[in-house]
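Here the working numbering runs 10 ahead of the position in the sequence shown, where the first position is 1. Glycine residues also receive a C-beta, built at the ideal position from the N, C-alpha and C atoms.
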Amino acid sequence: MKIPVKFVKFLQIILLFGILGSCSNNDTPVITVSPVEPIPYPYESGHFTFYYTSYDSLYMHEIADSVENNYSRVLGDLLTDSVAKTIVHFYSTHEDLANAVRYIVPNLPVWAIGLATAKDTIHMIAPKHPEQNYEFMLVVLIHEFTHCVTLNINPGFSNNPRWLWESIALYEAGQFIHPNQLPYMVSHNPPTLSQLNNFNNTQIYQVGYLLSEYIVLNWDRQHLKDMILSNGNTLQTLGVTFLEFQFNWFEFVKNRYNI
Numbered sequence: 011m012k013i014p015v016k017f018v019k020f021l022q023i024i025l026l027f028g029i030l031g032s033c034s035n036n037d038t039p040v041i042t043v044s045p046v047e048p049i050p051y052p053y054e055s056g057h058f059t060f061y062y063t064s065y066d067s068l069y070m071h072e073i074a075d076s077v078e079n080n081y082s083r084v085l086g087d088l089l090t091d092s093v094a095k096t097i098v099h100f101y102s103t104h105e106d107l108a109n110a111v112r113y114i115v116p117n118l119p120v121w122a123i124g125l126a127t128a129k130d131t132i133h134m135i136a137p138k139h140p141e142q143n144y145e146f147m148l149v150v151l152i153h154e155f156t157h158c159v160t161l162n163i164n165p166g167f168s169n170n171p172r173w174l175w176e177s178i179a180l181y182e183a184g185q186f187i188h189p190n191q192l193p194y195m196v197s198h199n200p201p202t203l204s205q206l207n208n209f210n211n212t213q214i215y216q217v218g219y220l221l222s223e224y225i226v227l228n229w230d231r232q233h234l235k236d237m238i239l240s241n242g243n244t245l246q247t248l249g250v251t252f253l254e255f256q257f258n259w260f261e262f263v264k265n266r267y268n269i
């Protein structure tokens, strides 16, 4: 699955926890650039309202287009007709971002760059911040919007289960990492779904795309949506046990990617 936005950091581990976590860039240093003032009025597009800073003021049309151009695709992929207009807040410093989401994440890690905090709300560092990769941040925006869409489908889906929550957002944002670039996959030692559910395990951001790809190609998109609705109940939704799903997924990956 391809998307209009070019994804330039295939091998970068990112942490995208949505409501109870955050989107991160572990290679990005702590933001030290002098902050800029927020723009006092929002930028409106068809399906989004953006509150932004002067870092992004000359690029808001382009930023809005990057997610608007994926809006219908993401909703169509997840078999959803419409969602509420999404409010996106951009911040010029990590401190401002942390203060805005403190009620959900009391101690936001310094590497965190974005969160989906409700079915219609996203908080992120400004995409055009000089210490962020602009194209990567546009992909993060699509990833976080996908989290919002899944919360419209099932309000209780946030990180429940984590492996599926992140997998679907990674898949819809096109964040694919070829398994032949992952030594543990090449050596036929894939992580278990239980391991991927551990918040200290970042491998979900490397293999998450492959999990949703397996569901879509082996079943279909209706089953992917049903997995959201059932909070990842494989037996109820797919007719296989948790362990069977896990084993068959890796068999699929081995055959599809010749590892």
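Can you tell me the Cα-Cα spacing of residue i and residue j, whole angstroms?
i, j, result
"Gly28", "Ile269", "Because Gly28 sits at a pLDDT of 47, beneath the cut-off of 50, its placement in the model cannot be relied upon, and the point is left open."
"Ile23", "Ile187", "Bear in mind that a pLDDT of 36 at Ile23, under 50, signals an unreliable position, so the model cannot answer this."
"Thr96", "Gln142", "23 Å"
"Glu261", "Met195", "11 Å"
"Val120", "Asp91", "37 Å"
"Asn210", "Phe60", "31 Å"
"Leu192", "Pro171", "23 Å"
"Gln246", "Phe255", "12 Å"
"Thr212", "Trp175", "13 Å"
"Ile123", "Ile135", "5 Å"
"Leu253", "Asn228", "16 Å"
"Gln232", "Ile73", "30 Å"
"Asp87", "Phe100", "27 Å"
"Leu85", "Asp75", "16 Å"
"Leu151", "Ser197", "33 Å"
"Ser222", "Ile49", "38 Å"
"Gly249", "Asp236", "12 Å"
"His79", "Val93", "In the sequence as presented, His is not what sits at residue 79; that position holds Asn. So the alpha carbons of these two residues sit roughly 15 Å apart."
"Tyr51", "Pro165", "30 Å"
"Arg112", "Lys264", "42 Å"
"Asp230", "Gln185", "20 Å"
"Leu118", "Tyr81", "28 Å"
"Ala179", "His104", "23 Å"
"Leu107", "Val149", "19 Å"
"Thr251", "Thr244", "6 Å"
Give me the DSSP bridge partner(s) of residue i.
i, result
"Met134", "Phe100, Gly124"
"Thr59", "Glu54, Ile97"
Hey, out of the options, whose CA is closest to residue i's CA?
i, options, result
"Ala183", "Thr59, Cys158, Asn169", "Cys158"
"Leu129", "Leu161, Glu154, Trp121", "Note that residue 129 corresponds to Lys in the displayed sequence, not to Leu. Out of Leu161, Glu154, Trp121, Leu161 has the C-alpha closest to the C-alpha of Lys129."
"Leu206", "Pro189, Ser197, Gln185, Trp173", "Trp173"
"Asn208", "Asn169, Thr244, Ser240", "Asn169"
"Gly56", "Val77, Asn117, Ile163", "Val77"
"Thr5", "Leu89, Ser102, Thr244, Ala108", "Outside the shown range of the chain (11 to 269) lies residue 5, about which nothing can therefore be said."
"Ser204", "Glu105, Phe257, Ala179, Asp106", "Phe257"
"Tyr53", "Pro116, Thr251, Tyr81, Val98", "Val98"
"Ser240", "Ile163, Tyr181, Asn199", "Ile163"
Check this for me: beta carbons of residue i and residue j, under 7 Å apart or not?
i, j, result
"Tyr65", "His133", "no"
"Val226", "Leu234", "yes"
"Gly242", "Ser177", "no"
"Trp259", "Tyr215", "no"
"Glu154", "Ala126", "yes"
"Tyr267", "Pro201", "no"
"Phe270", "Ile114", "The first residue shown for the chain is 11 and the last is 269, placing residue 270 beyond what the model contains."
"Ser102", "Thr131", "no"
Taking only beta-carbon positions, decide if residue i is within less than 7 Å of chain C.
i, result
"Glu154", "Going by chain labels, chain C is absent from the structure shown, which holds only one protein chain."
Query raised in the report: Counting pairs of Cβ atoms below 8 Å between the segment 67-75 and the segment 132-151, do you hit three or more?
Result: yes
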